[in-house]
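Worksheet for the structure shown next.
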Amino acid sequence: MTISLAQLRRCSAAIDIGAARTRVYVKHQGLVVDEPTVAAINTRSGALLAVGAQAEVMDGRTPDYIRVVRPVSNGTIVDIDMAQRLLRTLVGDRLRKSWRRRPAMRAAVCLPYGSEPLAQRAAVETLTGLGARRVELVDTLVAAAVGSGLPVEQPEATMIVVCGAGTTQVAVLSLGSIVSAETVPVGGNAIDHAVVQHLRLHHELMLAGQAVRPLQMILSGGDGVTPGSTEVHGRDVISGMARSVHVDTERVRDAITTPLTSILDGIGAVLRRCPPDLVADLGERGIVLAGGSALIPGLEPMIHQATNMPVHTADHPDTCAVMGLGAMIEGKVQPLHLDPMDP
Numbered sequence: 034m035t036i037s038l039a040q041l042r043r044c045s046a047a048i049d050i051g052a053a054r055t056r057v058y059v060k061h062q063g064l065v066v067d068e069p070t071v072a073a074i075n076t077r078s079g080a081l082l083a084v085g086a087q088a089e090v091m092d093g094r095t096p097d098y099i100r101v102v103r104p105v106s107n108g109t110i111v112d113i114d115m116a117q118r119l120l121r122t123l124v125g126d127r128l129r130k131s132w133r134r135r136p137a138m139r140a141a142v143c144l145p146y147g148s149e150p151l152a153q154r155a156a157v158e159t160l161t162g163l164g165a166r167r168v169e170l171v172d173t174l175v176a177a178a179v180g181s182g183l184p185v186e187q188p189e190a191t192m193i194v195v196c197g198a199g200t201t202q203v204a205v206l207s208l209g210s211i212v213s214a215e216t217v218p219v220g221g222n223a224i225d226h227a228v229v230q231h232l233r234l235h236h237e238l239m240l241a242g243q244a245v246r247p248l249q250m251i252l253s254g255g256d257g258v259t260p261g262s263t264e265v266h267g268r269d270v271i272s273g274m275a276r277s278v279h280v281d282t283e284r285v286r287d288a289i290t291t292p293l294t295s296i297l298d299g300i301g302a303v304l305r306r307c308p309p310d311l312v313a314d315l316g317e318r319g320i321v322l323a324g325g326s327a328l329i330p331g332l333e334p335m336i337h338q339a340t341n342m343p344v345h346t347a348d349h350p351d352t353c354a355v356m357g358l359g360a361m362i363e364g365k366v367q368p369l370h371l372d373p374m375d376p
């Protein structure tokens with residue numbers, strides 16, 4: 034993974050290819066792409082029909098010859114060719130032409146902590162196929178911490194919990210580096226699955242995949258009030274007919290608590306491996322939540338109750354990683370210089 038800010042300043046684009054969304058930050062232009070990492074293809078001809086939000090709407094509503102695919106799983110590119118076609122379409126002709134005029138175009142990309150060499154190679158090959166001459170790899174944890182406004186370059190402990198769609202990454206950082214980190218295979222998709230299974234087992238209702246997130250917003254009290262029950266529409270498991278039921282929100286909260294306990298175990302493992310001085314710093318500074326799934330209902334109070342530490346959610350948790358990586362390529366992050374004292 035890249036640790037040199039001087040190399041990152043030579044990059045002209047910062048890219049975060051996540052399992053749920055793909056975001057592209059262009060130097061001196063800002064965030065130019067923020068779309069779902071989804072593509073729809075015609076299996077008969079192999080033609081790309083739609084990408085991003087247009088393809089996501091088609092999920093579960095297509096005939097047999099149209100397939101909706103997700104080329105990224107758990108933060109790792111599993112289909113290089115489809116990822117290239119997806120990025121090529123999302124970036125657009127105008128931006129690609131400006132990149133082509135720069136023969137030494139460099140790009141920086143976020144990767145999950147502890148990525149395997151095969152996953153790193155897949156990310157490099159995907160971006161070199163778009164015209165990048167050099168690809169710098171950066172830990173998502175470091176980029177998200179910078180994007181959250183944490184002073185990662187100082188000799189103070191900062192703890193970041195990045196909640197993604199497939200995984201949750203936990204880390205304690207100091208002096209711009211990761212002191213201790215852990216990856217938990219639980220994310221927003223696992224929470225969605227818990228909600229779907231609860232409705233299937235207790236209400237005999239099959240819930241549409243795109244209806245899970247609105248239900249989670251109701252559970253989190255996004256409008257300021259959490260109702261005691263809410264009406265949910267879906268398909269009856271037995272008859273196959275359309276049906277609506279009133280769901281007790283507290284019982285759904287209990288259903289999603291089980292997978293959330295894995296995140297608490299990951300946080301505890303990271304804290305146990307940290308020096309006591311850094312843990313003492315965290316008692317005052319607290320824990321910051323980032324990532325697209327940071328607003329999962331009940332996550333913030335659950336972490337606070339388990340750790341007795343202040344827990345805060347970043348202002349824009351979904352874009353913390355790409356904005357932090359963008360700040361690094363813009364030269365807005367200054368490292369703490371530690372000159373050797375030996376003569």
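Using this note's numbering, the first residue of the sequence shown is number 34, and each one after it goes up by one.
The C-beta atom is built at its ideal place from N, Cα and C for all residues, glycine as well.
>> Taking 8 Å as the limit between beta carbons, can you name the residues of its chain near GLU264, skipping five residues before and five after?
In response: Here residue 264 corresponds to residue number 231 of the sequence shown, with the count starting at 1. Within the same chain, GLU264 has close Cβ partners SER277, VAL278, HIS279 and VAL280.
> Three-state secondary structure (DSSP) at LEU151?
Replying inline: By one-based count along the sequence shown, residue 151 stands at place 118. Residue state, collapsed to three classes: helix.
> Skipping 5 residues on each side, what residues in its chain have a beta carbon closer than 7 Å to that of ASP256?
Replying inline: Locating residue 256 in the sequence shown gives position 223, counting from the first residue. Its pLDDT being 48, under 50, ASP256 is placed unreliably in this model, and the value from its coordinates should be taken loosely. Counting only Cβ-Cβ distances below 7 Å, and skipping sequence neighbours, we find nothing.
>> I'd like the span of the beta strand (DSSP E) that includes GLY197, first residue to last.
In response: Start at 1 with the first residue of the sequence shown, and residue 197 comes out as number 164. Premise fails: GLY197 is in no beta strand (DSSP E) and is neither H nor E.
> Between the region 230-244 and the region 213-221, are three or more C-beta pairs nearer than 8 Å?
Replying inline: no
> Are at least three pairs of beta-carbons, each pair with one atom in the region 178-186 and one in the region 163-170, less than 8 Å apart?
Replying inline: no
>> Quick check on DSSP: helix, strand or coil for ARG100?
In response: Along the sequence shown, read from residue 1 onward, the residue named residue 100 stands at position 67. Look at ARG100 here: in three-state DSSP terms it is strand.
> Span of the alpha helix (DSSP H) holding GLY357?
Replying inline: One-based indexing of the sequence shown puts residue 357 at position 324. That run of the alpha helix (DSSP H) goes 353-362.
> For the beta strand (DSSP E) that VAL66 lies in, which residues bound it at each end?
Replying inline: As a first step, residue 66 must be located in the sequence shown, where it is residue number 33. Unbroken beta strand (DSSP E) run through VAL66: 63-69.
>> Quick check: is the beta carbon of LEU358 nearer than 8 Å to any beta carbon in chain B?
In response: The chain labelled as chain B is not found in the depicted structure, where only one protein chain is given.
> From ASP92, ILE50, LEU163 and LYS60, pick the residue whose C-alpha is nearest to that of GLU68; which is it?
Replying inline: Taking the sequence shown and counting its residues from 1, one reaches residue 68 at position 35. Per the Cα distances, ILE50.
> Taking the C-alpha atoms as reference points, what is the distance between ALA198 and CYS44?
Replying inline: Here residue 198 is taken as the residue at index 165 of the sequence shown, counted from 1. Here residue 44 is taken as the residue at index 11 of the sequence shown, counted from 1. The straight-line gap from Cα to Cα measures roughly 27 Å.
> In its own chain, which residues sit with a C-beta less than 6 Å from the C-beta of ASP112, not counting the 5 before and 5 after it?
Replying inline: Here residue 112 refers to the residue found at position 79 when the sequence shown is read from its first residue. Within the same chain, ASP112 has close Cβ partners PRO104.
>> Closest to ALA88 by C-alpha separation, out of SER106, GLN62, ARG54 and PRO145, would be which residue?
In response: Walking along the sequence shown from the start, residue 88 turns up at place 55. Distance check between ALA88 and each of SER106, GLN62, ARG54 and PRO145 places ARG54 closest, using alpha-carbon atoms only.
> Taking DSSP as the reference, what is the three-state secondary structure of ALA73?
Replying inline: Your numbering for residue 73 matches position 40 in the sequence shown. DSSP places ALA73 in the strand class (E or B) of the three-state scheme.
> What first and last residue would you give for the alpha helix (DSSP H) that runs through LEU311?
Replying inline: Counting from 1 along the sequence shown, the entry for residue 311 is found at position 278. 309-318 is the extent of the alpha helix (DSSP H) around LEU311.
> Are the beta-carbon atoms of VAL285 and HIS345 separated by less than 8 Å?
Replying inline: What you label residue 285 is simply residue 252 of the sequence shown in a count that begins at 1. What you label residue 345 is simply residue 312 of the sequence shown in a count that begins at 1. No, Cβ-Cβ distance for VAL285 and HIS345 is not below 8 Å.
> Do ASP92 and VAL71 come within 8 Å of each other at the CB atom, strictly closer than that value?
Replying inline: Walking along the sequence shown from the start, residue 71 turns up at place 38. Walking along the sequence shown from the start, residue 92 turns up at place 59. Yes, these two residues count as a Cβ contact at 8 Å.
> In three-state terms, what does DSSP make of THR122?
Replying inline: Within the sequence shown, the letter at position 89 stands for residue 122. It is helical.
> For ALA227, is the classification buried or exposed, using 16 other Cβ atoms within 10 angstroms of its Cβ as the cut-off for buried?
Replying inline: As a position in the sequence shown, residue 227 is number 194, starting the count at 1. Looking at its Cβ environment, which holds 16 or more other Cβ atoms inside 10 Å, ALA227 is buried.
> Exposed or buried, what is HIS266 when buried is set at 16 or more other beta-carbons lying within 10 Å of its beta-carbon?
Replying inline: Against the sequence shown, residue 266 aligns to sequence position 233. With fewer than 16 Cβ atoms within 10 Å of its Cβ, HIS266 is classed as exposed.
>> Just list the residues that DSSP pairs ARG146 with in beta bridges.
In response: Along the sequence shown, one-based indexing puts residue 146 at 113. Reading off the sequence shown, one finds Tyr at residue 146, where the question assumed Arg. DSSP output for TYR146 lists no bridge partner at all.
>> Using C-beta distances below 6 Å, list every residue in its chain close to HIS236, excluding the 5 sequence neighbours before and after it, in chain order.
In response: Residue numbering aside, residue 236 sits at position 203 when the sequence shown is read from its first letter. Hits under 6 Å: VAL278.
> Ends of the alpha helix (DSSP H) at HIS349?
Replying inline: On the sequence shown, position 316 is the one that residue 349 refers to. Neither: HIS349 is in no alpha helix (DSSP H) and is coded neither H nor E.
> Whole beta strand (DSSP E) runs in the region 158-183 with 3 or more residues, listed along the chain?
Replying inline: 167-172
>> I need the DSSP call for ILE336, collapsed to helix, strand or coil.
In response: Start at 1 with the first residue of the sequence shown, and residue 336 comes out as number 303. Here ILE336 sits in helix by DSSP.
>> If contacts are defined as beta-carbon pairs under 8 Å, then THR173 and LEU206 qualify, I think. What distance do you get, rounded to the angstrom?
In response: Translated into positions along the sequence shown, residue 173 becomes position 140. Translated into positions along the sequence shown, residue 206 becomes position 173. That belief does not hold up - the Cβ atoms of THR173 and LEU206 are roughly 12 Å apart, past 8 Å.
> Secondary structure at ARG268, three-state DSSP: helix, strand or coil?
Replying inline: By 1-based counting over the sequence shown, the position of residue 268 is 235. Three-state DSSP puts ARG268 in a strand.
>> Which residue wins for smallest C-alpha separation from ILE48, given the options SER272, LEU208, CYS307 and THR161?
In response: Along the sequence shown, read from residue 1 onward, the residue named residue 48 stands at position 15. Comparing Cα-Cα distances from ILE48 to each of SER272, LEU208, CYS307 and THR161, the minimum goes to THR161.
>> Nearest by alpha-carbon distance to LEU328: which of THR109, THR201 and VAL124 is it?
In response: Taking the first residue of the sequence shown as 1, we reach residue 328 at position 295. The candidate whose alpha carbon is nearest that of LEU328 is THR201.
> Excluding sequence positions up to five away, which residues of its chain have a Cβ less than 6 Å from the Cβ of THR76?
Replying inline: For this step, residue 76 is matched to residue 43 along the sequence shown. Closer than 6 Å at the Cβ level, and outside the excluded window around THR76, lie TYR98 and ARG100.
>> According to DSSP, simplified to helix, strand and coil, what is VAL57?
In response: In the sequence shown, the residue the question calls residue 57 occupies position 24. Looking at VAL57 - three-state DSSP - the assignment turns out to be strand.
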